[in-house]
Amino acid sequence: MKVLGLDIGGTYIKTGIIDETGRVYETGEIPTNAHLGGQVLMNRILEIIGEYKDKDVNLIGISTAGQVDVKTGSIIHATDNIPGWTGMEIKRIIEEKFNIPTWVENDVNAAALGEAVFGAAKGEKSFLCVTYGTGIGGAIVENGEIYRGAYGSAGEFGHIITHVGGRACTCGGNGCYEAYASVTALINDVMKQTGMTGITGRDVFRIMEEGNRDVQKIIDNWLDEVLAGLVSLIHIFNPSCIVLGGGVMNQDYSIEYIRSNIKSRIMQNYRKVAVKKALLGNHAGLLGAAFIALKASGVIEI
Ligand SMILES: [Zn+2]
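So the sequence shown is numbered by the working numbering: it starts at 79 and just counts up by one.
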């Protein structure tokens, strides 16, 4: 069984063919050009599928930024990162053109399912994924399924309020978790307190490793913000495992700090929780999208 996977992010569209064992091959990556808008993006997706069509693709699985109606395979809401993506009927458009069964899922949920089946959370049935980047994304996996809530939008961990009356957030609220614990927040803290400019998350850790104690202190404070959210999530969900994603969690310093501090900050009966790094990196979304297609077709189970 061959699934064509597409992972549509704000910066790149990643593609690949995935089989039921989780092998990914014939991969590709092209810029999303999100600023050109949803219609241009949809046409590009159709072109890509056309290019893969001769490779005997049985199913299509799509992971995309934005809130997704998984029943209709359309976008309920996307931010202005991809203008005009809201309302796009991805599944209908693809199935009408190519007659290949297609499934669409939100990118954070897809990555969580990818980790559940093929990666860090293999064998776990109930766990959380938290991804740290520009914002903070979350997914709740309960008994092998994404927990969606009443209207499909559960798991917005980035907008838990951790500071009443605190920093303004992109959601329009104040004091949200991601205004303090995202990579954007870390970079802003470092730039504000040191006067450095034009740095990335990777630069911040490199500067600390070069011996900059001020930057280390800023990172420690940021990790305490990260921990504050995780502690709340653990107390709400009592998960067996939390999978942490995003490049900053590939830094040994981050994951070690979180592991060595988390147990003392949660109540004793919650301490069995395992803190794991996401394993699949760039392929998590593709693998999750492929899993959804394979599961819906009855080929594999979690
Ligand atoms: Zn917010």
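Note that beta-carbon positions come from the ideal geometry of N, C-alpha and C, so glycine has one too.
Asked                                                                                                                      : Found
Rounded C-alpha distance that separates Glu104 from Leu82                                                                  : 10 Å
Thr248 beta carbon near ligand 3 (any heavy atom closer than 8 Å)                                                          : Among the ligands in the structure shown, ligand 3 does not appear; only ligand 1 can be found there.
Cut-off 8 Å between Cβ atoms - residues of its own chain near Gln329, not counting five sequence neighbours on either side : Phe283
Assigned secondary structure, Trp381 (DSSP; H/G/I helix, E/B strand, else coil)                                            : Because the chain here runs from 79 to 380, residue 381 falls outside it and cannot be looked at.
As assigned by DSSP and simplified to three states, the class of Gly323                                                    : strand
CB-CB length for Ala217 against Ala190, believed under 8 Å                                                                 : 4 Å
Residue burial classification, Thr110 (beta-carbon count within 10 angstroms, cutoff 16)                                   : buried
Any non-hydrogen atom of ligand 1 within 8 Å of Ala228 CB                                                                  : no
Burial state of Gly165 (16 or more Cβ within 10 Å)                                                                         : exposed
Check whether Val321 and Lys373 have beta carbons under 9 Å apart                                                          : no
His313: CB within 8 Å of a non-hydrogen atom of ligand 1                                                                   : no
Arg217 - partner residues in DSSP beta bridges                                                                             : It should be noted that the sequence gives Ala, not Arg, for residue 217. In DSSP, Ala217 forms a bridge with Cys207.
Those residues which DSSP pairs with Asn252 across a bridge                                                                : Ala246
Check: Ala198 C-beta below 8 Å from any heavy atom of ligand 1                                                             : no
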